[in-house]
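Read through the structure below, which is laid out as structure tokens, and then see the notes.
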Amino acid sequence: MPGIQGIGGVFVKEKIIEQKFRAAVRTAGGVAVKFVSPGLDGMPDRLALLPGGRMAFVEVKAPGKKPRPLQEARHRMLRRLGFQVYVLDDEKQIGGIIDEIQST
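Heads up: the sequence shown is residues 1 to 104, going by full-length UniProt numbering.
See below:
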């Protein structure tokens, strides 16, 4: 199954990025809730909740990986509803994403 590999594989890298994102959100005083939506596939992985009522959806991908077409459709739907949606595939993006969420 693509994306589920052992140490050094795609799944492990995605998991590390996700852990670092969760830690950074926690440092910013928030929580990054695992988001699961039964019956509505393709929703982003995390819901970042930050102080001041700031929130955004975050799709975590392995480095260089892109969202699947269904995920992209869900991202468009959420954006049309006025929500922020980010695709995170590099730990270097984490600070910028959190800054954007906090500033909007």
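Ideal Cβ placement from N, Cα and C applies to all residues, glycine included.
query: Can you check whether the CB of Ala-32 is closer than 8 Å to the CB of Arg-46?
result: Position 46 of the sequence shown holds residue 46. Position 32 of the sequence shown holds residue 32. In contact: Arg-46 and Ala-32 (Cβ atoms closer than 8 Å).
task: Could I get the ranges of all uninterrupted beta strand (DSSP E) runs contained in the segment 32-85, with 3 residues as the minimum, in chain order?
output: Those beta strand (DSSP E) runs which fall completely within the segment 32-85 and span 3+ residues are 46-50 and 54-60.
- prompt: Excluding the five sequence neighbours on either side, which residues of its own chain have a C-beta within less than 8 Å of the C-beta of Ala-28, listed in chain order?
  reply: Translated into positions along the sequence shown, residue 28 becomes position 28. Non-local beta-carbon contacts of Ala-28 in its own chain, meaning distances under 8 Å to residues more than five positions away in sequence, involve Leu-50, Pro-51, Ile-98 and Gln-102 in chain order.
task: Would you tell me roughly how many angstroms separate the C-alpha atoms of Ile-16 and Lys-92, rounded to the nearest one?
output: One-based indexing of the sequence shown puts residue 16 at position 16. One-based indexing of the sequence shown puts residue 92 at position 92. Each residue's Cα considered, the two are about 12 Å apart.
query: Using the C-alpha atoms, what's the distance from Glu-18 back to Pro-67?
result: The sequence position of residue 67 within the sequence shown is 67, counting from 1. The sequence position of residue 18 within the sequence shown is 18, counting from 1. Distance between the alpha carbons of Pro-67 and Glu-18: 15 Å.
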